[in-house]
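Q: The structure that follows is given in the form of structure tokens.
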Amino acid sequence: MTRRPFTPKVVTANALLEGDVVWLTEDDRWTRDMAEAELIEDEAVADDRLLYAMSQSRVVVGAYLAGAEQTPHGPAPTHFREMFRTRGPSNYAHGKQEGAQNSSKSFAPSFEGR
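Per the working numbering, the sequence shown starts with residue 621, numbered consecutively.
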């Protein structure tokens, strides 16, 4: 069986407490803005970054590699599922969605031993 060539990826997960979709940045932050995510173009690096993300079990859940491409504004999704995830929950605007313009797009874990 022929193996497919590696394509660029980002590490994504859900914030443990809020459930928001987050992406891993090059400086080990979790951000709610995919454009700030680290675009990984090497398979070995992608595997290492995924392992790092999975070790952040007090911060995020469900970490995985998602296909992405470089754009002038940063990484962007290549699959409709990830495009959908960048927009947040699919219900009508209320709660977090209503105040999204005023919220911080990145966060750092609030515990020692990161």
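For each residue, glycine too, the CB sits at the ideal point set by N, CA and C.
What's the gap between the Cα of F731 and the Cα of N634?
A: Along the sequence shown, read from residue 1 onward, the residue named residue 731 stands at position 111. Along the sequence shown, read from residue 1 onward, the residue named residue 634 stands at position 14. Here F731 scores only 40 on pLDDT, less than 50, and its place in the model should not be relied on; the value that follows carries that caveat. Whole-angstrom Cα-Cα distance: 17 Å.
Q: In chain order, what residues of the same chain lie with their CB nearer than 8 Å to the CB of A688, ignoring the 5 residues before and after it?
A: For the purposes of this step, residue 688 is taken as the residue at position 68 of the sequence shown. These residues qualify, in order along the chain: P628, K629, V630, M654, A657, L659, P695, A696, P697, T698, E702.
Q: Given this structure, state the Cα-to-Cα distance separating H693 from P625, to the nearest angstrom.
A: Here residue 693 is taken as the residue at index 73 of the sequence shown, counted from 1. Here residue 625 is taken as the residue at index 5 of the sequence shown, counted from 1. About 25 Å.
Q: Measure the C-alpha to C-alpha separation of W650 and D662 and round it to an integer number of angstroms.
A: If you number the sequence shown from 1, residue 650 lands on position 30. If you number the sequence shown from 1, residue 662 lands on position 42. Rounded to whole angstroms, W650 to D662 spans 20 Å at the Cα level.
Q: Mind checking R669: buried by the 16 CB within 10 Å criterion, or exposed?
A: Mapped onto the sequence shown, residue 669 falls at position 49. Label assigned to R669: buried.
Q: At which residue ranges does the region 671-697 contain complete alpha helix (DSSP H) runs of 4 or more residues, listed in the order of the chain?
A: For the region 671-697, not a single whole alpha helix (DSSP H) run of length 4 or above is found.
Q: Looking only at DSSP bridge pairs, what is L644 linked to?
A: Counting from 1 along the sequence shown, the entry for residue 644 is found at position 24. W650, per the DSSP bridge assignment.
Q: Considering just the uninterrupted stretch of the alpha helix (DSSP H) at T706, what are its terminal residues?
A: The count along the sequence shown starts at 1 and reaches residue 706 at position 86. First-last of the alpha helix (DSSP H) with T706: 700-706.
Q: Quick check on Q586: buried or exposed, where buried means 16 or more other Cβ atoms within 10 Å of its Cβ?
A: Because the chain is modelled from 621 through 734, residue 586 falls outside the range shown and cannot be assessed.
Q: So if DSSP puts V631 in a beta bridge, which residue, or which two residues, is it bridged to?
A: As a position in the sequence shown, residue 631 is number 11, starting the count at 1. Answer is L685.
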